[in-house]
Every structure is written in structure tokens, then in C-alpha cells.
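Read top to bottom, the protein sequences are chains A and B.
Under this note's numbering, the first residue of the first sequence carries the number 333, and numbering increases by one thereafter.
Under this note's numbering, the first residue of the second sequence carries the number 107, and numbering increases by one thereafter.
Each residue gets a CB set at the ideal place from its N, CA and C atoms; glycine is no exception.
Treat the numbers as computed from the prediction; the structure is a model and nothing was measured.
Accompanying notes for the structure given below.
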Amino acid sequence: AQTVTQSQPEMSVQEAETVTLSCTYDTSESNYYLFWYKQPPSRQMILVIRQEAYKQQNATENRFSVNFQKAAKSFSLKISDSQLGDTAMYFCASDSGNTPLVFGKGTRLSVIA
Amino acid sequence: KAGVTQTPRYLIKTRGQQVTLSCSPISGHRSVSWYQQTPGQGLQFLFEYFSETQRNKGNFPGRFSGRQFSNSRSEMNVSTLELGDSALYLCASSERPSTDTQYFGPGTRLTVL
Numbered sequence: 333a334q335t336v337t338q339s340q341p342e343m344s345v346q347e348a349e350t351v352t353l354s355c356t357y358d359t360s361e362s363n364y365y366l367f368w369y370k371q372p373p374s375r376q377m378i379l380v381i382r383q384e385a386y387k388q389q390n391a392t393e394n395r396f397s398v399n400f401q402k403a404a405k406s407f408s409l410k411i412s413d414s415q416l417g418d419t420a421m422y423f424c425a426s427d428s429g430n431t432p433l434v435f436g437k438g439t440r441l442s443v444i445a
Numbered sequence: 107k108a109g110v111t112q113t114p115r116y117l118i119k120t121r122g123q124q125v126t127l128s129c130s131p132i133s134g135h136r137s138v139s140w141y142q143q144t145p146g147q148g149l150q151f152l153f154e155y156f157s158e159t160q161r162n163k164g165n166f167p168g169r170f171s172g173r174q175f176s177n178s179r180s181e182m183n184v185s186t187l188e189l190g191d192s193a194l195y196l197c198a199s200s201e202r203p204s205t206d207t208q209y210f211g212p213g214t215r216l217t218v219l
């Protein structure tokens with residue numbers, strides 16, 4: 333069974349600073365996908381970034397990038413130049429294709445002005 | 107394209123009643139998944155539908171059921187409501203089941219009194 337672990341329940345960062353959210357996962361599948369989703373206080377879940385496990389290159393989307401360490405089964409999210417609008421719950425998720433999307437418990441990020 | 111829509115957005119029911127929630131996926135998306143989100147359990151998978159067929163089902167009692175129509179719209183039903191069913195129910199759609207990125211709706215907030 334797939335598992336996803338987010339060890340940081342809450343984090344805070346000053347506006348314009350950089351923050352890294354941690355995620356580890358466990359899967360027996362060789363082909364899988366990893367995601368970071370953001371859920372602002374309004375509750376709409378939004379995709380932040382997606383990584384295919386077979387790709388060695390780390391995914392990047394503007395200020396958001398990941399550090400994908402396949403051997404260590406680690407998938408951390410780095411947010412650069414943090415903005416007030418980044419305040420949200422961040423969920424790490426894993427999908428192997430044969431099993432449904434599995435989410436971590438989430439990290440509540442607060443960006444402080 | 108319009109995003110995933112869910113109706114109703116808020117619902118208050120009493121124990122023992124039943125409820126039906128509706129989800130309209132993004133146009134062209136044929137896969138719909140449902141999740142239950144609670145503060146204690148986080149995001150838990152309920153079921154996944156593709157082309158009117160249930161592909162996967164989470165570990166929920168038989169009181170939880172769902173279906174998908176030929177236009178890809180989906181409904182989920184909870185019968186004999188319990189207090190513990192109070193949660194945010196999220197629907198997500200994707201072009202194909204699993205591995206494809208899922209796009210989430212705003213959710214239906216169900217309160218059981």
C-alpha cells in the first residue's frame with residue numbers, strides 16, 4: 333500500500349523568504365506520480381506541481397520547485413519569494429495508477445508580512 | 107473551460123437522514139473521484155468512476171455509494187447519516203483514471219446534527 337508522510341504539521345515564513353515543505357512516501361510501484369496540492373482557506377484544492385517518477389529532472393512551476401530524491405523516497409516542495417497568497421494547507425500526494433491518489437496529512441503554511 | 111462544480115455547497119442534515127451530493131466534471135473529463143476530508147482523518151478516498159464504472163472504492167461502509175452518468179456527472183449518496191459523516195466532500199475530475207492530474211471542485215460541506 334502507498335503511504336505519504338508530511339512531518340511538519342505547521343510552518344511559517346516571512347514574506348519574500350524561501351520555505352521548504354517535506355514529504356516522504358512509500359510505494360512498491362515502479363511507475364508513479366507525485367503531486368503537491370494547495371488548499372487555501374477558501375477550500376478550493378489547487379494543483380501546485382506534479383512530478384513523474386521516471387523523470388530525473390525536478391519539476392518547477394514559477395516560484396515553486398521540488399527536490400525529488402527517488403532513492404530516499406523524498407519529495408519536498410520549495411517556495412521561493414513567499415507571498416501572502418501562499419498561506420494555505422499544502423498536501424503531498426502519490427498516485428501509482430493502480431491505486432487511488434493517497435494524500436499526506438498536510439502542512440499548514442502561514443506567510444507573515 | 108469551466109472547473110469542477112459541486113452542488114450543494116453546504117448541507118445540514120439530521121442523523122438517520124440520507125443525502126445526495128452532485129459533481130459535474132470539467133468538460134472532456136471522464137474520470138471522477140470522491141474524497142472525504144475531516145480534521146482528524148485528513149483526506150480519505152471514497153470512490154473513483156470512469157465511463158460509468160466504479161474502478162476503485164475506499165474503505166467506507168456500504169452506506170456510502172455513488173454512480174456516474176453517461177455525461178460523466180457523478181453523484182454520491184450517504185444513507186442513514188451519522189454524526190461522524192460531517193465532513194467536506196470533495197470531488198475531483200481527470201481526463202483518464204489515475205496518474206492523470208486530478209482537478210478538484212470547491213467541495214460540499216455536510217453537517218450532520
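Would Arg440 of chain A pass as an interface residue toward chain B - the criterion being a Cβ-Cβ separation below 9 Å?
Taking Cβ atoms only, chain B never reaches closer than 9 Å to Arg440 of chain A, which makes this a no.
As a quick exercise: from B:Lys107, B:Leu117, B:Ala108, pick the residue whose alpha carbon is nearest that of Gly213 of chain B.
For the residues B:Lys107, B:Leu117, B:Ala108, the minimum Cα distance to Gly213 of chain B belongs to B:Leu117.
Check each residue of the region 181–213 of chain B: if its Cβ is closer than 9 Å to any Cβ of chain A, include it; give the result in chain order.
Going along the region 181–213 of chain B in chain order, one finds Leu194, Leu196, Ala198, Pro203, Ser204, Thr205, Asp206, Thr207, Gln208, Tyr209, Phe210, Gly211, Pro212, Gly213 with a Cβ nearer than 9 Å to chain A.
Using 9 Å as the limit for Cβ to Cβ distance, is Gln415 of chain A near chain B?
For Gln415 of chain A, the answer is no, since every Cβ of chain B falls outside 9 Å of its Cβ.
Just reading off the beta strand (DSSP E) that Gly148 of chain B is part of, what are its end residues?
It spans 148–156 - the beta strand (DSSP E) in which Gly148 of chain B sits, taken as one unbroken run.
By DSSP, does Asp413 of chain A sit in helix, in strand, or in coil?
In the structure shown, Asp413 of chain A sits in coil (DSSP, three-state: anything other than H, G, I, E or B).
Which residue comes first and which comes last in the beta strand (DSSP E) that contains Phe170 of chain B?
From DSSP, the beta strand (DSSP E) with Phe170 of chain B extends over 170–174.
Roughly how many whole angstroms lie between the Cα atoms of Glu188 of chain B and Leu127 of chain B?
For Glu188 of chain B and Leu127 of chain B, the distance between alpha carbons rounds to 16 Å.
Of all the CB atoms in chain A, is at least one closer than 9 Å to the CB of Ser133 of chain B?
For Ser133 of chain B, the answer is no, since every Cβ of chain A falls outside 9 Å of its Cβ.
Under 8 Å Cβ-Cβ, which residues of chain A neighbour Asn162 of chain B?
Chain A residues near Asn162 of chain B: Thr431, Pro432.
Determine whether the Cβ of Phe396 of chain A lies closer than 9 Å to any Cβ atom of chain B.
Phe396 of chain A does not count as touching chain B.
Beta-carbon separation of Arg169 of chain B and Ser180 of chain B under 9 Å?
Taking 9 Å as the Cβ cut-off, Arg169 of chain B and Ser180 of chain B do not qualify as a contacting pair.
Determine whether the beta carbon atoms of Thr159 of chain B and Ala193 of chain B lie at a separation below 9 Å.
Cβ distance not < 9 Å, so Thr159 of chain B and Ala193 of chain B don't count as in contact.
Should Ile444 of chain A be labelled buried (16 or more other beta-carbon atoms within 10 Å of its own) or exposed?
The residue is exposed, with fewer than 16 neighbouring Cβ atoms inside 10 Å.
According to the Cβ coordinates, are Gly190 of chain B and Lys437 of chain A closer than 9 Å?
Cβ atoms of Gly190 of chain B and Lys437 of chain A: not closer than 9 Å.
Whether or not the region 401–414 of chain A and the region 371–379 of chain A are in contact is what I'm after, with contact meaning three or more pairs of Cβ atoms, one per stretch, closer than 8 Å; do they touch?
With the cut-off at 8 Å, the region 371–379 of chain A and the region 401–414 of chain A do not touch.
Any C-beta of chain B sitting closer than 9 Å to the C-beta of Met377 of chain A?
Yes, Met377 of chain A counts as interfacial toward chain B.
Expressed to the nearest angstrom, what Euclidean distance is found between the alpha-carbon atoms of Thr359 of chain A and Phe400 of chain A?
Roughly 14 Å between the two C-alpha positions.
Where does the unbroken beta strand (DSSP E) through Val443 of chain A begin, and where does it stop?
Val443 of chain A -> beta strand (DSSP E) spans 439–444.
Quickly, what does DSSP pair Asp358 of chain A with across the bridge? List them, please.
For Asp358 of chain A, which the question treats as bridged, DSSP gives the partners A:Thr335.
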